[in-house]
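Please read the structure below before turning to the comments.
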Amino acid sequence: MMYDNGLAELLECDGFPDDKDIESCKRKLLEVFSEVQVNSMVEAVLESREKDKESNINEIDEEQDQSLEPNVNEGKESAASSVTSKIALAIVCILVVVVVNMVVRLNIKMANDLKQNTVSESEYDDNQIVGCIVHAGEYTYINQNGVVIETSTNEIYDDVLCIYGVHVESVQTGYKLNTEDATVLNDILTVLQLINKYDMQFDRVRYEFGFVLYRNGIRIIMGNIDGFEFKLRHLGAILSELEGKKGNLDMSQYNESNCNVIFKVNKEE
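Add 2 to a position in the sequence shown, counting from 1, and you land on the number used in the working numbering.
Structure below.
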């Protein structure tokens, strides 16, 4: 492999490696490993070469003190031992880097898996009920993400706002409510959030290709989700003027440029 050759160049070159040898080694190693890993590995090899250099100097000094006559056989054995040590060191360095690389990749994979699991499970962490979808005689209680928390054939919580008229495909506790149109569920969750934001009370809500709110005998036609918050923000003041009356309040066309509303009193009144 290229990075094998790169390490070999540093370990087997005559004398201490120069800058050219070091850069050549790094280029080959970078084809496989990261820059941080390459720098660590090269530093380890250079440090080893520096120690070998010091050791060789000490050995030479000792040999000169003992005898001035060269021993050819000992020199060959020493050279062979040095090459063997360098090869062994190269193999160890390669193995260490490979293992470190595998551990880093494994840690990254585990972190990504944990992140994915956290994201996928986050919508199940909140068991606070924000609304109830009534369909086919069944009450389905959902959290702020539309996940089903509880189901019943009877109304369990009288303080939870109920929404009627939603076409439900399937219901499974712990999973997001499956509606015929996914955008409808998102709009319902937005409406529930806004009602809670402005701390308003309603008897019930019906979805009829738009939202209709019911409160104290008044049927409030809000229309679709567009401009819903603006209408809701002004609805309190309008209802205070209609206190004690019953009828239909049409706010479907109510917006910043058209602040007119239509209220029709029930005939029985």
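Ideal Cβ placement from N, Cα and C applies to all residues, glycine included.
If you're wondering where the values come from, they're calculated on a predicted model, not measured in any experiment.
- For the pair residue 179 and residue 37, the Cα-to-Cα distance works out to about 48 Å.
- Between residue 131 and residue 162, the C-beta gap is smaller than 7 Å, which places the two residues in contact.
- If you draw a straight line from the Cα of residue 194 to the Cα of residue 110, it is about 39 Å long.
- Taking a contact as a CB-CB distance under 8 Å, the pair residue 268 and residue 249 counts as one, their CB atoms being some 5 Å apart.
- Counting only residues of its own chain and dropping the five nearest sequence neighbours on each side, residue 200 has a CB closer than 6 Å to the CB of 234.
- Within a 10 Å sphere around the beta-carbon of residue 22 sit fewer than 16 other beta-carbons, which makes this residue exposed.
- Taking 4 residues as the shortest admissible run, the segment 226 to 265 contains the following complete alpha helix (DSSP H) segments, listed from N- to C-terminal end: 230 to 243.
- Residue 129 sits in coil when the DSSP states are folded into three classes, being neither helix nor strand.
- By the CB criterion at 7 Å, residue 214 and residue 227 fall outside the cutoff.
- Under DSSP, the beta-bridge partners assigned to residue 215 are 207 and 222.
- Burial is judged here by how many other beta carbons sit within 10 angstroms of a residue's own beta carbon; residue 142 has at least 16 and is buried.
- Residue 144: member of the beta strand (DSSP E) spanning 140 to 144, first to last residue.
- When secondary structure is reduced to three states using DSSP, residue 180 falls in the strand class.
- In terms of CA proximity to residue 247, 265 leads the group 253, 265 and 257.
- For the 7 Å CB-CB criterion, residue 128 and residue 145 form a contact.
- Taking a 10 Å sphere around the C-beta of residue 108, we find fewer than 16 other C-beta atoms and assign the residue as exposed.
- Within the same chain, and ignoring the five residues on either side of residue 231 in sequence, the residues whose Cβ sits closer than 6 Å to its Cβ are 196.
- Excluding its 5 nearest sequence neighbours in each direction, residue 238 has C-beta neighbours in its own chain below 7 Å: 202, listed in chain order.
- Bounds of the beta strand (DSSP E) holding residue 153 are 150 to 154.
- Residue state for residue 37 is assigned as helix, using DSSP reduced to three classes.
- CA-to-CA, the gap between residue 255 and residue 236 works out to about 13 Å.
- Cβ-Cβ separation between residue 135 and residue 165: approximately 5 Å, consistent with a contact (criterion under 8 Å).
- Around the beta carbon of residue 261, fewer than 16 other beta carbons lie within 10 angstroms, which makes this residue exposed.
- Under the three-state reduction of DSSP output, residue 168 falls in the coil class, being neither helix nor strand.
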